[in-house]
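Just below is one structure, and these are the notes that go with it.
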Amino acid sequence: FATEREKEMFLKLTAVSGVGPKIALAILSGSSLGELCLAIASGNAKRISAIKGVGRKTAEKICVELKDKVSALEALANASRKDGPDARAPIVRDAILALSALGFNEETSNKMVSAVLTDDPSVSDVEAIVRKALARK
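The numbering of the sequence shown is our numbering, which starts it at 365 and goes up by one.
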């Protein structure tokens with residue numbers, strides 16, 4: 365594994381019933397660690413099932429079993445480590461804080477922001493992220 369984080373994700377994936385080392389490696393090589401964490405955190409099984417060798421049911425099982433273990437903030441940290449400095453990390457953090465200030469708990473805020481970024485990765489400002497997150501609720 366290139367990084368300790370990849371190894372940790374591999375171990376998390378193989379802990380899911382029905383996911384062996386072969387499928388776990390296919391998942392890790394089929395997307396970046398940040399994308400994978402975002403997909404899991406937002407419950408985007410469609411993104412995971414697009415990887416060769418991973419079916420719809422397996423992808424759904426991965427999302428359900430690992431959703432609590434992977435947060436949007438961790439996904440952003442993984443994305444910035446792998447792909448260089450992520451200029452959006454402070455914006456996403458601010459969006460999560462704004463949603464928390466509006467009365468959502470941190471876990472819900474993470475999920476809402478992850479869903480917005482998964483659906484529309486081009487969103488680049490706090491207001492747009494918060495607006496889209498609230499529109500989805």
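From the three backbone atoms N, C-alpha and C, an ideal C-beta is built for every residue, glycine too.
- Message: Which same chain residues end up closer than 6 Å to residue 475 when comparing Cβ atoms and leaving out the 5 residues on each side of it in sequence?
- Response: Hits under 6 Å: none found.
- On the premise that residue 404 lies in contact with residue 375, defined as a C-beta separation below 8 Å, what is that separation, rounded to the nearest angstrom? In fact, because the Cβ distance is near 14 Å, the residues do not count as touching under 8 Å.
- Hey, is the segment 478-490 in contact with the segment 455-468, meaning 3+ C-beta pairs nearer than 8 Å? Flag = yes, the segment 478-490 and the segment 455-468 touch.
- Query: What do you get for residue 420, buried or exposed, if any count of 16 or more other CB atoms within 10 angstroms of its CB means buried?
  - Reply: It counts as exposed.
- Using DSSP with H/G/I as helix, E/B as strand and the rest coil, what is residue 468? Under the three-state reduction of DSSP, residue 468 is assigned to coil, being neither helix nor strand.
- Query: According to DSSP, is residue 378 helix, strand or coil?
  - Reply: Annotated three-state conformation of residue 378 is helix, per DSSP.
- What distance in whole Å lies between the Cβ atoms of residue 400 and residue 391, which are believed to be in contact at a cut-off of 8 Å? Going by Cβ atoms, the distance from residue 391 to residue 400 rounds to 7 Å, so yes, they are a contact pair.
- Item | Whether residue 416 touches residue 394 by CB criterion (8 Å) | Yes; because the gap between Cβ atoms is below 8 Å, this pair is in contact.
- Message: Just verifying my parser: in three-state terms, what is the DSSP assignment at residue 422?
- Response: Helix, per DSSP.
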